[in-house]
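Novice: Heads up, this note's numbering is the position in the sequence shown plus 2, with the first residue counted as 1. Glycine included, C-beta positions come from ideal geometry on N, C-alpha and C. Predicted, not measured: the structure shown is a model, and the values here were computed from it.
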Amino acid sequence: MIPSSLAPPRHARLQRVLAVVALFVAVVTLAACSLSRPAPVKRTFLLEPTLPAAAGTPKPAAVRIGVVNVAAPFRGKTFVFRESDLRYEADYYDEFFIAPAIMFSDATAKALAASNVFRRVVPFGAASDEGDFVLDGFVSELYADTRDAAAPTAVITVTYYLTPANVIGSGVAWTREYRQRAKVSGTGPEAIARGLNAALSAILAELARDLAAADLPK
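(1) Let's test the definition: count the other Cβ atoms within 10 Å of the Cβ of Ile223 and tell me whether it reaches 16, buried, or not, exposed.
(2) What three-state label does DSSP hand Pro210 in the structure shown?
(3) Which word fits Pro62, buried or exposed, when buried means at least 16 other C-beta atoms lie within 10 angstroms of its C-beta?
(4) With distances taken between CB atoms, is the gap from Asp134 to Ala167 smaller than 8 Å?
(5) Can you have a look at Leu88 and say buried or exposed, based on whether 16 or more other CB atoms are within 10 angstroms of its CB?
(6) Quick check on DSSP: helix, strand or coil for Leu114?
(7) Since Arg45 sits in a beta bridge, which residues does DSSP pair it with?
(8) Using the three-state DSSP reduction, which class does Arg122 fall into: helix, strand or coil?
(9) Going by the beta-carbon positions, is the gap between Ala57 and Asn118 smaller than 8 Å?
(10) Tell whether a beta-carbon distance below 8 Å holds between Leu209 and Ala113.
(11) Can you grab the Cα-Cα spacing for the pair Val69 / Ser203, in whole Å?
(12) For Arg196, which of helix, strand or coil comes out of DSSP?
(13) Please report how far the alpha carbon of Thr80 lies from the alpha carbon of Phe98, in whole angstroms.
(14) Mark Thr159 as exposed unless 16 or more other C-beta atoms lie within 10 angstroms of its C-beta, in which case mark it buried.
(15) Does the Cβ of Lys220 have 16 or more other Cβ atoms within 10 Å, making it buried, or fewer, making it exposed?
(16) Rank Asp150, Val186 and Thr52 by C-alpha distance to the C-alpha of Thr110 and give the top, closest one.
(17) Which residues in the same chain as Thr161 place their Cβ atom closer than 6 Å to its Cβ, once the five residues preceding and following it in sequence are excluded?
(18) How would you label Thr46, buried or exposed, when you count the other beta carbons within 10 angstroms and need 16 or more for buried?
(19) Among Val157, Tyr95 and Trp176, which has the Cα closest to the Cα of Asn199?
(20) So if DSSP puts Arg178 in a beta bridge, which residue, or which two residues, is it bridged to?
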């Protein structure tokens, strides 16, 4: 038994008990608030660019769409905002419905099929031995430029490479870089998505025109 001279005073013990009770109530309150608060809702967007108009007589060759790779900073599905020359910010709440690489590859295949540039367009993901040519790409820029808050723009830069299929060491038959900056009305996610869609539509229209005019090896 603890001598009465060494036992803590009654008011000190009471203060400790009250402190424990207060801490328990605070924890329960915070947990209840987190459970009752609705989870943040993510908004997803899919780019569906305008398809180019059909060209004249198609080239007597088939093209297979390879992979349109995307640079690491823009490879994820989240929207990317450029806020200064060196600072970029990813938007947790707004993102693409599918990964940009798949979206760009699919959009490129649809655009070339609609433009009638080639006799046949083999879509992305088909067997690797199909097609006379393979069209690959690399997206080096895909973001919303908000450095000028009064005039934000949607920026896309893509480089396409056309190579003969199943020919070892043949090299690139044709390549070109395309860069588009589309003005957007505000920095909301829907405005950004519309701007990116407009930029990609313009790029695919240029791609179809240039491939139609290109002198490709037989």
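Specialist: To lay it out plainly:
(1) Residue 223 is absent from the structure shown; the chain starts at 3 and stops at 220.
(2) Counting from 1 along the sequence shown, the entry for residue 210 is found at position 208. Checking the displayed sequence, the identity of residue 210 turns out to be Ala instead of Pro. Helix at Ala210.
(3) By one-based count along the sequence shown, residue 62 stands at place 60. Exposed.
(4) For the purposes of this step, residue 134 is taken as the residue at position 132 of the sequence shown. For the purposes of this step, residue 167 is taken as the residue at position 165 of the sequence shown. It is a contact, given that the beta carbons lie within the stated cut-off.
(5) One-based indexing of the sequence shown puts residue 88 at position 86. So Leu88 counts as exposed.
(6) Translated into positions along the sequence shown, residue 114 becomes position 112. Three-state DSSP puts Leu114 in a helix.
(7) Taking the sequence shown and counting its residues from 1, the one referred to as residue 45 is at position 43. In DSSP, Arg45 forms a bridge with Asp96.
(8) Here the question's residue 122 lines up with position 120 in the sequence shown. DSSP places Arg122 in strand when its eight states are reduced to three.
(9) Mapped onto the sequence shown, residue 57 falls at position 55. Mapped onto the sequence shown, residue 118 falls at position 116. Contact: yes.
(10) Translated into the one-based positions of the sequence shown, residue 209 becomes position 207. Translated into the one-based positions of the sequence shown, residue 113 becomes position 111. Going by C-beta atoms, Leu209 is nearer than 8 Å to Ala113.
(11) Position 67 of the sequence shown, counted from the first residue, corresponds to residue 69. Position 201 of the sequence shown, counted from the first residue, corresponds to residue 203. Approximately 18 Å between the Cα atoms of the pair.
(12) What you label residue 196 is simply residue 194 of the sequence shown in a count that begins at 1. Helix, per DSSP.
(13) As a working note, residue 80 is residue 78 in the sequence shown. As a working note, residue 98 is residue 96 in the sequence shown. Approximately 6 Å between the Cα atoms of the pair.
(14) Your numbering for residue 159 matches position 157 in the sequence shown. Result: buried.
(15) Here residue 220 refers to the residue found at position 218 of the sequence shown. Lys220 is exposed by the Cβ-count criterion.
(16) Locating residue 110 in the sequence shown gives position 108, counting from the first residue. Checked all of Asp150, Val186 and Thr52; the closest Cα to Thr110 is Thr52.
(17) Here residue 161 refers to the residue found at position 159 of the sequence shown. Excluding positions up to five away in sequence, the list reads Phe140 and Glu179.
(18) Taking the sequence shown and counting its residues from 1, the one referred to as residue 46 is at position 44. The residue in question, Thr46, is exposed, as its Cβ has fewer than 16 Cβ neighbours within 10 Å.
(19) Locating residue 199 in the sequence shown gives position 197, counting from the first residue. Looking at the Cα atoms, Val157 is the closest of the given residues.
(20) Reading the sequence shown from its first residue, position 176 is the one you call residue 178. Answer is Tyr162, bridged to Arg178.
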